[in-house]
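Some notes on the structure that comes next.
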Amino acid sequence: MTNLQERGHLLTEQVNPNSLNLDQLSALELVELFNNEDQKAVEAVAATKSQLAEAIERTAERLSQGGRLFYVGAGTSGRLGVLDAAECPPTFCTPPELVQGIIAGGAGALVRSSEDLEDRAEDGEAAIAQRQVTQLDVVVGITAGGTTPFVYGALNAARQRGAITIFIACVPAAQVSFEADIDIRLLTGPEVLAGSTRLKAGTATKLTLNILSTGVMVKLGKVYGNRMVDVAVTNQKLRDRALRILQDLTGLSREAAGLILERSGKWVKLALLMHWTGLDKDAGDRLLSEHQGNLRAAVESYKNNK
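Under UniProt numbering, the first residue of the sequence shown is numbered 1, with each subsequent residue one higher.
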């Protein structure tokens, strides 16, 4: 573990030689510089594909057994975790407690800077205790510079409770070491604006969380092909998406798709199963439950037993 008081040697705190004249660039030159540097965020994620794949597999396994996924962070890292967690219910119709974001300073820190609160490891420990984390859960600690005490406290408490721990940082292990089950290092390099990890580091983190949560949901059967068949039909935009999914996969007219969507209780996955099998809502619901909500497995089972 690095000396938390001396951070100048950290990769995320170093000065980027490509932006030394940042304050002298034209608007177009600024855009070109940022665009060139942002390519490194994509490359950084690609370099961690093995660890990220392991994270998906192990997280999906725990969630399929009744576990939960927690993101823990402060500042930008915490906000990105809360954002990813908040987007799972509308996209995959998951209960809010399945994927949760924990940010130092609580909800207020989402809109107002609370950087001083990230230095309290005991607050991270308390957050884990409050949520009664168990060995079925997965806790992802996100800290761009790798030194956030709040994240350390949360991960250490989670490990003591038997949870799977995942450490995401944008500095190499040689600079900051931390014991976790899965160690993901997004080495995006020095920021265009020195030390501003909301830039490349934040972008790489967002990409990583996108892949992690979506990959887990794919493994949990929340997707059919590349369609979000568990989409929550809660507004006009999402209803339109649901109808288009039904039309595309079944060939039904929009009117017919709307009728079967209503008969299914506005559940696209169940509507598809009802159309493909001829089962009614209750029987289709039971069949899906028997296959842990996996539409493809439910359809294949019906065909094999017909």
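No residue lacks a Cβ here, since even glycine has one placed at the ideal position from N, Cα and C. Here the structure is a predicted model, which means the values were calculated and not measured.
query	result
Closest residue to Asp-123 among Ile-245, Thr-148, Gln-135 and Ser-113 (Cα-Cα distance)	Thr-148
Of the listed residues Val-138, Asn-305, Gly-8 and Gly-278, nearest to Gln-65 (C-alpha basis)	Val-138
Runs of beta strand (DSSP E) lying entirely within the segment 182 to 239, each at least 3 residues, in chain order	182 to 185
Residue burial classification, Ala-127 (beta-carbon count within 10 angstroms, cutoff 16)	buried
Sequence-distant residues of the same chain with beta carbon closer than 6 Å to Gly-202, five excluded per side	Thr-76
For Val-99: DSSP bridge partner residues	Leu-69
Close Cβ partners of Asn-140 (< 6 Å) along its chain, the five nearest in sequence each way excluded	In the sequence as displayed, the identity of residue 140 is Val instead of Asn. Taken in chain order, the residues that qualify are Tyr-71 and Ile-166.
Three-way DSSP call (helix, strand, coil) for Lys-176 in this model	Going by the sequence as given, residue 176 is Val instead of Lys. Reduced to three states, the DSSP call for Val-176 is coil.
Contacts around Thr-250, its chain only, beta-carbon distance under 6 Å, and the 5 residues preceding and following it disregarded	His-275
Proximity winner among Thr-188, Met-217, Val-111 and Gly-106, relative to Gln-130 (alpha-carbon distances)	Gly-106
Assigned secondary structure, Thr-165 (DSSP; H/G/I helix, E/B strand, else coil)	strand
According to DSSP, residues forming a beta bridge with Ile-142	Gly-73 and Ile-168
Inside the segment 6 to 63 only - beta strand (DSSP E) runs reaching at least 3 residues	none
Cut-off 8 Å between Cβ atoms - residues of its own chain near Leu-155, not counting five sequence neighbours on either side	Val-72, Gly-124, Val-139, Gly-141, Thr-165, Phe-167, Phe-178 and Ala-180
Residue burial classification, Asp-84 (beta-carbon count within 10 angstroms, cutoff 16)	buried
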